[in-house]
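Residue numbers (this note's numbering), protein chains in the order written: chain A, 655 to 1023; chain E, 655 to 1023.
Here is the structure:
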């Protein structure tokens, strides 16, 4: 179970089968003299990843088999879930093998096709990873319509991050008009969509982000209030921004932001747990006391719901509805997005490491070609 | 919001109004020379309650007003939630005032009625608290049919505890055939019902209880496996009893039982949080490290649902269905129950204190008259 492929299948036939996108590493059939630059996992990080955990290699460009296409990557999506794939801790998805290609969603151009449904020049959403060229089964890519929206949105507001926001909010958070929705990492592609969807659904949206530029951006895109999580008086600011408490907390972060949010959760609050980016590089638990039972006690006292999810779970049932609603919102400007595009595949490791520290501002993409 | 009255209203008209059962303390209209023994809250306990936190007084027997009835208590229900009412920590229900009557569900006999729907001799379910006589609005009691089932079941398997099990399991736990359901405090009226309902629904039921007699009882009533939580190798025994992991954990207890259950929760596990009796007398949190984020991380990784609830929330919609299904189950023996009946209102404090330590064996009731 990976994070992206079933989103791709969800948007298509809906057979329920998991997509198994074959990427080039290890299945290459040399068909060219050109090289295929790839970034692979050199070693598993302990704590924060460093440049040394990645290695760049040049592999042959693979040849597509029957029903497959060769894709030249234009954009590679970098997302926090990839940190999980670098570790071999138990997870919802198998880890990347040491020496294996780093996985990731991509937008690319078909350069060779052995499938009647796709032709060279078609732009597709695929899951071909951190490399210049990849092979995929045609049934496991989604052809994009560049006239409908910029193709990069298939990796952001109209892609996995946007769908994650939509699924978590509509299936778990279920904000009612007038309720208060709080989201952290709010200038990122998931968080920004959560806040704007909350507004579309008639709720009050409060965003938490790092630094004055991101906080200012949240107000620009319509959040009712925005708070800098670096403020020493975060709890007081959050209290001032949520005078009626918090009904939905869309959890992307964990750590000290959670500690500020937790006491303000209302009776019947819903907490979709989508990510815990502040924890991904943690190597040990914080000191005591152990507050687990304080959390359980609050869950009981307030009849709260805490629910972890991966968008996979909802993709088959909900992707069509999402695209039908969200494409018009993006086109009419009621759902805004921001991209942070870094040029060059070779810069992906540094950009990825920075993202885990919140250095990106908007959906982080690598322009590969 | 109290725990019982809306159950009573839920079983009736369903106006959505909260029941406000007037009990005798402070609203008495002396109509008799007989006394009314009451047990009141003398002081708030710090940690484990003691006999000194209660006081016994003799008040006048109250007179019912228009639309009210005077009820002579036959059975008083003792339940863990009452520990919460003794404290003034924030909760879903207001605390009992110091000097106020201890609250509680009762089965009693109408001795005087100012309502055409009820006559002296009728046996009713009410919420008149720890006293010999109470006054209630006729609209806030439920007339029992002693021929249908023993009247004490209205306080147990067919009352709030049984309904709590039914609501938590059908609305949150939702066990599927073949899944594994684990419940702690499994010989109590909620836990025993949870396990038997799980079996009725086609799931595997594993119970955790304290001591060999209770463990043996669980096997008698059909649990697939039963474990003593006092066993030093609880985690290993639980692993052996749940070879396919745990899909539903009905949480009544918290503490070390939670710690044993937590690692065995499966992908998409559901945890209805109904009670945390092991925590109710706690005066401080356990030592570190703080495992809150380990819990959140597991919720994320396993797409788990943790959901606190009070049966109140489901009473209006679900009580009718529950009684319709559960009365036949009780009558045909597929839903068994066990009562632990203590004679004499004066023994209620000691019985209650013992219950918090797991000294009762089955639904704890005080026979008042």
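Cβ coordinates follow ideal geometry from the N, Cα and C atoms, glycine included.
Values in this document were obtained by computation on a predicted structure and should not be read as measured data.
Enclosing alpha helix (DSSP H) for residue i [first to last residue]
| i | result |
| --- | --- |
| residue 1011 (chain A) | Note, residue 1011 (chain A): premise wrong, no alpha helix (DSSP H); not H, not E. |
| residue 953 (chain E) | 946-955 |
| residue 979 (chain A) | 966-985 |
| residue 962 (chain E) | First-last for residue 962 (chain E): 959-962, but that is the beta strand (DSSP E), not the alpha helix (DSSP H). |
| residue 915 (chain E) | 909-915 |
| residue 700 (chain E) | Careful: residue 700 (chain E) lies outside any alpha helix (DSSP H) and carries neither H nor E. |
| residue 880 (chain E) | Careful: residue 880 (chain E) lies outside any alpha helix (DSSP H), inside the beta strand (DSSP E) at 879-882. |
| residue 919 (chain A) | Unbroken run through residue 919 (chain A) is the beta strand (DSSP E), 919-927; no alpha helix (DSSP H). |
| residue 871 (chain E) | 866-874 |
Contact set between residue i and chain A, taken where Cβ atoms lie within less than 7 Å
| i | result |
| --- | --- |
| residue 963 (chain E) | 957 |
| residue 960 (chain E) | 953 and 960 |
| residue 933 (chain E) | 947 and 951 |
Contacts that residue i makes with chain A (C-beta to C-beta distance below 8 Å)
| i | result |
| --- | --- |
| residue 837 (chain E) | Within 8 Å Cβ-Cβ: nothing; residue 837 (chain E) doesn't reach chain A, min ~15 Å. |
7 Å Cβ cut-off: residues of chain E touching residue i
| i | result |
| --- | --- |
| residue 927 (chain A) | 950, 953 and 954 |
| residue 967 (chain A) | 957 |
Residue environment, residue i, which counts as buried when at least 16 other CB atoms sit within 10 Å
| i | result |
| --- | --- |
| residue 700 (chain A) | exposed |
| residue 1001 (chain A) | exposed |
| residue 731 (chain E) | buried |
| residue 752 (chain E) | exposed |
| residue 868 (chain A) | buried |
| residue 1050 (chain E) | The requested residue 1050 (chain E) does not occur in the structure, where chain E is confined to residues 655 to 1023. |
| residue 873 (chain A) | exposed |
| residue 917 (chain A) | exposed |
| residue 774 (chain E) | exposed |
| residue 1011 (chain E) | exposed |
| residue 841 (chain E) | buried |
| residue 680 (chain A) | Reliability fails at residue 680 (chain A), whose pLDDT of 38 lies under 50, so the model's placement of it is uncertain and no value is given. |
| residue 678 (chain E) | Confidence is the limiting factor: at residue 678 (chain E) the pLDDT is only 38, short of 50, which leaves the residue's position unreliable and the question unanswerable from this model. |
| residue 884 (chain A) | exposed |
| residue 685 (chain E) | In this prediction, residue 685 (chain E) scores a pLDDT of 41, lower than 50, which makes its location untrustworthy; no coordinate-derived value is stated. |
| residue 863 (chain E) | buried |
| residue 937 (chain A) | exposed |
| residue 785 (chain E) | buried |
| residue 982 (chain A) | exposed |
| residue 742 (chain A) | exposed |
| residue 705 (chain E) | exposed |
| residue 799 (chain A) | exposed |
Beta-bridge pairing of residue i - partner residues as DSSP gives them
| i | result |
| --- | --- |
| residue 708 (chain E) | E:695 |
| residue 825 (chain E) | None, per the DSSP bridge assignment. |
| residue 767 (chain E) | E:723 |
| residue 731 (chain A) | A:1019 |
| residue 817 (chain A) | According to DSSP, residue 817 (chain A) bridges with nothing at all. |
| residue 796 (chain E) | E:779 |
| residue 902 (chain A) | A:835 and A:924 |
| residue 713 (chain A) | A:690 |
| residue 760 (chain E) | E:730 and E:780 |
| residue 755 (chain E) | E:694 |
| residue 863 (chain E) | E:882 |
heavy atom of the ligand NAD below 6 Å from residue i C-beta
| i | result |
| --- | --- |
| residue 800 (chain A) | By its list of ligands, the structure shown contains no ligand whatsoever, and the ligand NAD lies outside what it can speak to. |
Span of the beta strand (DSSP E), counted from its first residue to its last, around residue i
| i | result |
| --- | --- |
| residue 857 (chain A) | Here residue 857 (chain A) belongs to no beta strand (DSSP E), and DSSP marks it neither H nor E. |
| residue 777 (chain A) | 777-780 |
| residue 789 (chain E) | 787-791 |
| residue 1029 (chain A) | A query on residue 1029 (chain A) cannot be resolved here, the shown segment of chain A reaching from 655 to 1023 and no further. |
| residue 993 (chain E) | 993-997 |
| residue 835 (chain A) | 834-838 |
| residue 898 (chain E) | Looking at the DSSP string, residue 898 (chain E) is not in any beta strand (DSSP E), and its letter there is neither H nor E. |
Chain-ordered neighbours of residue i on chain E, where CB pairs are closer than 8 Å
| i | result |
| --- | --- |
| residue 930 (chain A) | 947, 950, 951 and 954 |
Output needed in chain order: residues of the segment 1009-1021 of chain E with a Cβ under 8 Å from some Cβ in chain A. Within the segment 1009-1021 of chain E, not one residue has a Cβ closer than 8 Å to any Cβ of chain A.
Given a limit of 9 Å on CB to CB distance, which residues of the segment 935-949 of chain E reach chain A? Under the 9 Å Cβ criterion, the segment 935-949 of chain E contributes 936, 938, 939, 940, 941, 942, 943, 944, 945, 946, 947, 948 and 949.
Please list the residues of the segment 720-747 of chain E that have a C-beta atom closer than 9 Å to any C-beta atom in chain A, keeping them in chain order. Within the segment 720-747 of chain E, the residues whose Cβ lies closer than 9 Å to any Cβ of chain A are, in chain order, 738, 743, 744, 745 and 746.
Please list, in chain order, the residues of the segment 901-913 of chain A that have any C-beta partner in chain E closer than 9 Å. Per Cβ criterion, the list reads 905, 908, 909, 912 and 913.
May I ask you to list, following chain order, the residues of the segment 809-832 of chain A that have a beta carbon less than 7 Å from some beta carbon of chain E? Going along the segment 809-832 of chain A in chain order, one finds no residue with a Cβ nearer than 7 Å to chain E.
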